[in-house]
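*Asks:*
Chains as they are written, first to last, in our numbering: chain A, 1 to 576; chain U, 577 to 806.
1) Mind checking whether residue 388/A and residue 563/A have CB atoms under 7 angstroms apart?
2) Measuring only the C-alpha atoms, how far is residue 468/A from residue 274/A?
3) Looking at C-beta atoms only, is the number of pairs between the region 407-424 of chain A and the region 512-520 of chain A that lie closer than 8 angstroms three or more?
4) Quick check on the DSSP output: what are the complete alpha helix (DSSP H) runs of length 4 or more inside the region 355-388 of chain A, in order along the chain?
5) Count the other CB atoms within 10 Å of the CB of residue 317/A; is the residue buried (16 or more) or exposed (fewer)?
6) When you compare only the Cα positions, how much space is there between residue 566/A and residue 675/U?
7) Expressed to the nearest angstrom, what Euclidean distance is found between the alpha-carbon atoms of residue 690/U and residue 670/U?
8) Can you tell me whether DSSP reads residue 64/A as helix, strand or coil?
9) What does the Cβ neighbour count give for residue 239/A, buried or exposed, with the cut at 16 atoms within 10 Å?
10) Name the chain A residues that come within less than 8 angstroms of residue 652/U, Cβ to Cβ?
11) Which ranges would you report for the alpha helix (DSSP H) in the region 169-257 of chain A if only whole runs of at least 4 residues count?
12) Which residue spans inside the region 472-513 of chain A form an unbroken beta strand (DSSP E) run of at least 3?
13) Within its chain, find whatever has a CB closer than 7 angstroms to the CB of residue 473/A; leave out the 5 residues flanking it on each side and keep chain order.
14) Assuming the contact rule is C-beta atoms closer than 8 angstroms, residue 174/A and residue 149/A should be a hit. Round their C-beta distance to whole Å, please.
15) Name the one or two DSSP bridge partners that residue 524/A has.
16) Excluding the 5 residues flanking residue 144/A on each side, which residues of the same chain have their C-beta closer than 6 angstroms to its C-beta?
17) Strictly under 7 angstroms for the Cβ-Cβ distance: is residue 128/A near chain U by that measure?
18) Looking at the structure shown, is residue 133/A part of a helix, part of a strand, or coil, going by DSSP?
19) Can the beta-carbon of residue 286/A be found less than 7 angstroms from the beta-carbon of residue 300/A?
20) Count the C-beta pairs between the region 10-29 of chain A and the region 39-55 of chain A that are closer than 8 angstroms, then say yes if the count reaches three, no if not.
21) Can you tell me which of the three DSSP states residue 647/U falls into?
22) Using a beta-carbon distance below 7 angstroms, is residue 624/U in contact with chain A?
23) Thinking just about the alpha-carbon of each residue, which of 403/A, 236/A and 420/A is nearest to the one in residue 439/A?
24) Assuming residue 100/A is part of the beta strand (DSSP E), what are its boundary residues?
25) Using a C-beta cutoff of 7 angstroms, does residue 669/U count as contacting chain A?
26) Does the region 242-259 of chain A come close enough to the region 657-669 of chain U that 3 or more CB-CB pairs lie under 8 angstroms?
27) Note down, in chain order, all residues in the region 601-620 of chain U with a beta-carbon under 9 angstroms from any beta-carbon belonging to chain A.
28) Hey, residue 325/A and residue 355/A: beta-carbon distance below 7 angstroms or not?
29) Residue 448/A and residue 464/A - do their beta-carbons sit closer together than 7 angstroms?
30) Ordered along the chain, which non-local residues of its own chain (more than five positions away) have a Cβ less than 7 angstroms from that of residue 61/A?
31) Please confirm whether residue 458/A and residue 426/A have their CB atoms less than 7 angstroms apart.
32) By the criterion of Cβ-Cβ separation under 7 angstroms, what are the contact partners of residue 675/U in chain A?
33) What number of angstroms, rounded off, separates the C-alpha of residue 58/A from the C-alpha of residue 516/A?
34) What number of angstroms, rounded off, separates the C-alpha of residue 409/A from the C-alpha of residue 394/A?
35) For residue 498/A, go through chain U and note every residue whose CB falls closer than 7 angstroms to its CB, in chain order.
36) Run through DSSP, which three-state label would residue 587/U get?
So, in structure tokens, the structure goes:
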């Protein structure tokens with residue numbers, strides 16, 4: 001048993017090539033086969049290709065996953081300095097595709113927008129504009145998104161020196177034009193623009209919602225994000241592979257373990273290193289416990305927002321018990337830093353299995369209490385049922401993933417669609433709902449907690465009683481301390497690993513797993529140094545939050561609060 | 577194998593008459609909260625909340641708290657100022673300035689070993705990186721400061737003291753006796769045979785020795801050590 005290897009991709013690449021050959025785009029694109037089928041396309045042909053990939057009955061790449069830039073300034077052997085990479089997923093065919101768009105104009109990199117084909121591309125294009133300065137012609141609202149409006153330069157370009165200090169004032173913020181205008185029409189008793197946040201108890205983080213109200217109804221809304229932006233991707237470029245793990249913990253800090261696992265899997269795939277079964281299963285168990293915590297926090301906080309406090313206490317008790325287990329394994333409750341490239345930092349404590357089993361007993365008791373309090377409560381039903389509705393088509397168009405997408409009736413779960421690690425051996429169900437409202441999202445998350453416990457139970461059954469948790473490849477994993485203290489060769493490996501980092505072979509790779517909020521992907525580009533040349537994290541929150549400003553329109557302010565709760569936006573992941 | 581389950585189909589979308597009446601459901605809910613209340617009164621030990629700071633949380637022996645610098649049996653620091661912890665640190669919070677030890681057997685020692693606790697992210701990478709078993713962590717997590725300068729801990733605050741270990745206990749360390757892994761025999765624990773100033777004697781005798789005064793370490797320690805060598 002090793003980490004499951006992906007099936008050969010050449011069939012889908014071959015099919016793509018065949019489909020494209022019959023279209024007028026054939027001359028403009030080139031299909032290659034890497035870790036994903038990759039289409040290289042000229043910038044001006046990109047919108048046509050996007051439309052083709054979405055609509056062609058043999059392709060149907062309907063779910064927009066990611067769009068980001070790459071600066072090849074210090075990377076040899078590349079055609080152009082800038083390129084844009086897009087990842088798409090096909091729900092009917094269940095496969096990913098990558099589109100590479102090399103930008104020919106180095107001084108003024110530009111490409112046409114695809115936000116009219118994929119509405120989800122909107123914020124991703126704004127982010128690429130903000131951090132790389134790519135001009136998406138035809139974009140409806142091309143403004144900075146993560147950096148402050150008064151920021152000068154493009155932070156992820158390789159010639160931008162990190163470590164500069166900027167001081168910004170509130171006055172430098174650019175409010176949207178409609179928010180500053182008054183709109184008094186006849187027959188209106190009240191129209192006003194309000195700010196919810198940035199620091200508002202209901203935003204659970206620092207998120208700014210500007211809303212135009214008509215009476216109590218929201219008629220126009222816009223979200224401002226970026227208050228917690230701390231240059232995760234820029235920092236990754238100046239650190240070694242293992243040093244990025246503590247930074248990953250701070251992405252989705254509610255389920256920190258999952259981020260680390262997602263990141264090291266990318267590096268391990270690039271290295272071709274195999275993690276022993278025990279290490280993989282411990283990662284799976286703790287990841288699923290983290291997912292339980294993530295959903296507990298989401299449900300608990302959401303119910304607090306609408307006025308039900310007891311559930312919060314009961315659900316947080318689970319979280320407290322899981323934190324105790326995680327702390328016993330790795331020494332920290334929140335910022336775990338437990339995984340390493342090639343395995344785990346240390347083996348789990350002796351009483352790991354009994355502790356997990358006792359948690360499996362206690363968590364359902366609290367869930368039962370919550371269900372008793374909430375499920376048939378008239379107030380909860382009135383607040384959650386029928387509010388924040390996302391239809392199946394909207395959910396796909398807005399690029400939602402995770403519980404948000406599943407609550408709208410699409411059973412897309414990475415653990416099921418692309419079973420990584422041992423997920424294909426477990427017997428579990430993907431909970432979905434066809435309602436798409438806040439109550440459906442609550443029910444989906446509650447059921448996902450139960451399914452996670454089911455997975456943990458099966459993982460504990462096949463967990464080897466002892467054995468290594470890390471690979472014994474000393475080019476990747478630190479040798480045991482006994483050897484380092486006494487054996488010259490081990491000390492040399494140890495020294496090389498600490499001082500130079502892991503030498504990941506040059507290349508690029510996208511690996512994705514199911515995070516607490518949806519598809520969590522890491523796209524790493526290595527140039528053979530000890531750290532990544534470029535590390536892109538695909539944060540599931542980002543697409544979910546983008547949909548928020550559209551979901552709240554037509555509802556009341558109190559509905560917006562309930563909707564924001566079920567979105568489960570984690571600002572650490574949203575702003576990176 | 578995994579299937580798909582529709583959760584909304586399990587629960588009736590419409591509430592029944594009794595549920596819509598509101599009060600019966602409220603009493604059912606109060607039965608749940610009241611059960612928790614009574615249980616917490618009867619057995620307060622089950623409550624997950626603790627009365628900090630009177631009562632403190634019991635952390636595991638792997639807890640990543642304040643660092644300590646371990647000593648040899650003769651009371652000198654085990655640290656040989658190799659800069660590996662400073663290089664492994666993702667937060668770049670360790671500043672080391674190495675010096676040449678008068679005893680030739682010890683060779684190098686840290687003249688300055690500072691950890692900026694405000695920058696530190698308590699990831700434990702320094703402990704993993706140390707080839708000399710010189711840096712451990714404790715379960716001490718109570719470090720509050722009034723100024724930024726106070727937060728930079730130097731050797732005198734990092735050196736292991738018995739009082740601190742008695743109060744807090746050891747935390748994250750390279751190996752765990754009784755934890756399933758065999759503790760390695762620790763060569764750096766014992767004092768190195770004293771050199772009794774051979775190097776000075778050799779210098780006085782006119783032997784050309786390489787000048788091994790190390791001002792700054794490799795890579796990211798360079799920028800930090802610059803202020804000490806200048």
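Yeah, the Cβ is synthetic: ideal placement off N, Cα and C, and Gly gets one too.
*Replies:* Reading from the atomic positions:
1) Note that the C-beta distance between residue 388/A and residue 563/A is below 7 angstroms.
2) Taking the straight line from one Cα to the other gives about 12 angstroms.
3) Of all C-beta pairs linking the region 407-424 of chain A to the region 512-520 of chain A, three or more are shorter than 8 angstroms, placing the two stretches in contact.
4) If we require 4 residues or more, the alpha helix (DSSP H) runs fully inside the region 355-388 of chain A come out as 378-384.
5) Buried, by the Cβ-count rule.
6) So the two alpha carbons sit approximately 57 angstroms from each other.
7) When rounded, the distance between both Cα atoms is 6 angstroms.
8) Here residue 64/A sits in strand by DSSP.
9) So residue 239/A ends up on the buried side.
10) Near residue 652/U there are no residues of chain A at all, since even the closest Cβ is about 18 angstroms away, more than 8 angstroms.
11) Within the region 169-257 of chain A, the complete alpha helix (DSSP H) runs of at least 4 residues are 177-180, 232-237 and 244-249.
12) Taking only runs of at least 3 residues, no beta strand (DSSP E) segment lies wholly in the region 472-513 of chain A.
13) 273 and 342, listed in sequence order.
14) Contact check for residue 174/A and residue 149/A: beta-carbon distance about 4 angstroms, within the 8 angstroms limit, so the pair qualifies.
15) According to DSSP, which records beta bridges pairwise, residue 524/A is partnered with 509/A and 535/A.
16) Result list for residue 144/A: 130, in chain order.
17) Chain U contact via Cβ: absent.
18) Residue 133/A: coil per DSSP, three-state reduction.
19) 7 angstroms or more divides the Cβ of residue 286/A from the Cβ of residue 300/A.
20) Touching, per the Cβ criterion.
21) Three-state DSSP puts residue 647/U in a strand.
22) Yes, its Cβ sits closer than 7 angstroms to a Cβ of chain A.
23) For residue 439/A, the nearest C-alpha among the options comes from 403/A.
24) 95-103 is the span of the beta strand (DSSP E), which, as asked, contains residue 100/A.
25) False, the Cβ-Cβ gap to chain A never drops below 7 angstroms.
26) Touching, yes, given that three or more Cβ pairs across the two stretches are closer than 8 angstroms.
27) Within the region 601-620 of chain U, contact with chain A at the beta-carbon level (separation under 9 angstroms) is assigned to 601, 602, 604, 605, 607, 608, 609, 611 and 612.
28) Yes. Within cutoff.
29) No. Outside cutoff.
30) Closer than 7 angstroms at the Cβ level, and outside the excluded window around residue 61/A, lie 53, 54, 88, 89, 90 and 97.
31) Yes, Cβ-Cβ distance for residue 458/A and residue 426/A is below 7 angstroms.
32) Ordered by position in chain A, no residue passes the 7 angstroms Cβ test against residue 675/U, which lies about 21 angstroms from the chain.
33) In this model, residue 58/A and residue 516/A are separated by some 31 angstroms (Cα to Cα).
34) Answer to the nearest angstrom: the Cα atoms are 11 angstroms apart.
35) In chain order: 660, 663, 664 and 705.
36) The three-state reading of DSSP puts residue 587/U in coil, since its state is none of H, G, I, E or B.
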